[in-house]
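So the structure is just underneath, and the comments pick up after that.
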Amino acid sequence: MKARAKLTKRQHLFVLEYLVDYNGTRAAIRAGYSPKTAEQLAYQLLQIPSVKEALDAEVQKRLEKIGVTADRVLTELARIGMHDIRKLYNEDGTLKAPHEWDNDTAAAVAGIEVFEEFEGKGKNRKKIGDTRKVKVFDKKGALELLGKHLKLFSDKVEHEHTGKDGGPIKTEWTNFPPDPKSLEEWEAWYAKTMEHSAKKQEGEST
């Protein structure tokens, strides 16, 4: 790797450690730098072009290894943004079993909470059923990220009216979720999640 050739051994170790938890200070300490100056050194290291290049190259290599591509990220966002919640249920309104969901529907599910229901007390206490709550990913947020990627929204708004001193009226967007703020942030989160899942599967298979 060309980027790696430009680094010292300790800088390269810092790059690898930084990708563990994306904490510069802890990465610097694990790479062998003094804890007293680790925070400042981490900041300085992350400003070095060759370190940035090495980080980008390492991230790209890991993404390719686990099959995360821009197309796949956009596909997953589209599944979340376009999901139809009705597909989670049977015609009688009962929740389908997870194995009955199609791939697009399953991809939109963030998690399932199961609450056991009981009646009676003491020895007479018995289970009478379960309540399942399905949480889906933010549909609106996914659509907004896709829309921004496709440049459907403009961050600039023209006004016929004027604000103070004849200038434009100050406008702030409030409809975008604070987290994630961009497609890149969502892609980084998704990549980290997939990498964690891949590592977990590797551990279970050994």
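Numbering (our numbering), first residue to last: 62 to 267. Even glycine gets a Cβ: it sits at the ideal position worked out from N, Cα and C.
Between the C-alpha atoms of ASP145 and THR166 there is a straight-line separation of about 7 Å. Fully contained in the region 181 to 220 are the following beta strand (DSSP E) runs of length 3 or more, in chain order: 187 to 197.
For the set LYS188, LEU135, THR130, PRO159, the Cα lying nearest the Cα of LEU211 is the one of LEU135.
Residue nearest to ASN84 within the set GLU100, HIS73, LYS70 is GLU100 (criterion: CA-CA distance). DSSP places VAL81 in the helix class (H, G or I) of the three-state scheme.
Comparing alpha carbon positions, the residue from PHE179, ALA169, LEU206, GLU256 closest to THR192 is PHE179. Only residues of its own chain outside the window of five on either side were considered, and among them LYS187 have a CB closer than 7 Å to the CB of GLY181, listed in chain order. A buried status is given to LEU68, since no fewer than 16 other beta-carbon atoms sit within 10 Å of its beta-carbon.
Classified as exposed, GLY172 has fewer than 16 neighbouring CB atoms from the shown chains inside 10 Å of its CB. For GLN72, the CB contacts under 7 Å within the same chain, skipping 5 residues up- and downstream, are LEU106, VAL112 in chain order.
With a 10 Å radius around the Cβ and a threshold of 16 neighbouring Cβ atoms, GLU137 comes out buried. When the alpha-carbon of VAL175 is set against those of GLY183, PRO159, ALA168, the nearest one is in PRO159. Excluding five sequence positions before and after TYR104, the CB atoms of its chain that fall closer than 7 Å to its own CB belong to GLY85, given in chain order. Taking the Cα positions, VAL197 is about 38 Å away from LYS184.
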